[in-house]
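Residue numbers (our numbering): 80 to 219.
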């Protein structure tokens with residue numbers, strides 16, 4: 080059995096800018112793990128292109144493949160955590176970027192296997208990430 084996590088965040092920026100924040104190393108760097116100084120980003124923003132975000136010092140990372148890119152409306156990608164360089168289970172993440180109230184309503188859906196006790200921690204991680212995205216877009 081699997082579970083679906085949904086997290087929403089309003090971002091004070093147009094959808095094209097928010098979309099760009101997910102599809103390049105330069106777009107990700109200001110808001111994805113900014114508190115981990117050795118974080119590296121590799122992004123091939125095309126269907127079947129790969130991405131990887133990693134911190135050797137923290138021993139964590141994530142990688143996957145872009146399954147669908149509909150600029151500036153949505154992204155669907157695989158998602159696989161790397162802990163100490165070892166791949167875990169591959170999930171899927173789907174993001175939508177809808178114009179709303181002069182900005183963008185971001186909806187993130189993470190489809191993952193049922194993991195007893197970890198769902199809320201994963202949801203909180205996404206809330207933190209999306210809040211940093213919103214703050215970064217609002218300030219510059």
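Built from N, CA and C at the ideal position, the CB exists for glycine as well.
Option nearest residue 187 by Cα separation, candidates 180, 181, 203 and 197: Taking the first residue of the chain shown as 1, we reach residue 187 at position 108. Nearest C-alpha to residue 187: 203.
Proximal residues to residue 141 (C-beta, below 6 angstroms), its chain only, five neighbours per side dropped: Working through the chain shown from its first residue, we reach residue 141 at position 62. If we look at residue 141 and ignore the five residues flanking it on each side, its Cβ neighbours are 132 and 160.
As assigned by DSSP and simplified to three states, the class of residue 154: Against the chain shown, residue 154 aligns to sequence position 75. DSSP places residue 154 in strand when its eight states are reduced to three.
Residue range of the unbroken alpha helix (DSSP H) whose run includes residue 96: In the chain shown, residue 96 corresponds to position 17, counting from 1. Run containing residue 96: 94 to 99, per the alpha helix (DSSP H) assignment.
Residue 172 in three-state terms, based on DSSP: By one-based count along the chain shown, residue 172 stands at place 93. Strand at residue 172.
Beta carbon of residue 158 nearer than 8 angstroms to that of residue 143: Here residue 158 is taken as the residue at index 79 of the chain shown, counted from 1. Here residue 143 is taken as the residue at index 64 of the chain shown, counted from 1. Their beta carbons are under 8 angstroms apart, which means residue 158 touches residue 143 by this criterion.
Euclidean distance between Cα positions of residue 185 and residue 105: Within the chain shown, the letter at position 106 stands for residue 185. Within the chain shown, the letter at position 26 stands for residue 105. Straight-line Cα distance between these residues: approximately 20 angstroms.
Proximity of residue 183 and residue 97 at Cβ, strictly below 8 angstroms: In the chain shown, counting from the first residue as 1, residue 183 sits at position 104. In the chain shown, counting from the first residue as 1, residue 97 sits at position 18. When the beta-carbon positions are compared, residue 183 and residue 97 come within less than 8 angstroms of each other.
Reduced DSSP secondary structure (H/G/I, E/B, other) of residue 117: As a position in the chain shown, residue 117 is number 38, starting the count at 1. In this structure, residue 117 counts as coil in the three-state DSSP scheme.
Of the residues 115, 176, 107 and 145, the one placed nearest residue 91, counting alpha carbons only: Locating residue 91 in the chain shown gives position 12, counting from the first residue. Ranking 115, 176, 107 and 145 by Cα distance to residue 91 puts 176 first.
Nearest to residue 135 (by Cα), restricted to the options 118, 148 and 150: Residue numbering aside, residue 135 sits at position 56 when the chain shown is read from its first letter. In terms of Cα proximity to residue 135, the closest of 118, 148 and 150 is 118.
Residues bridged to residue 222 (per DSSP): This structure cannot speak to residue 222, because the chain is shown only from 80 to 219.
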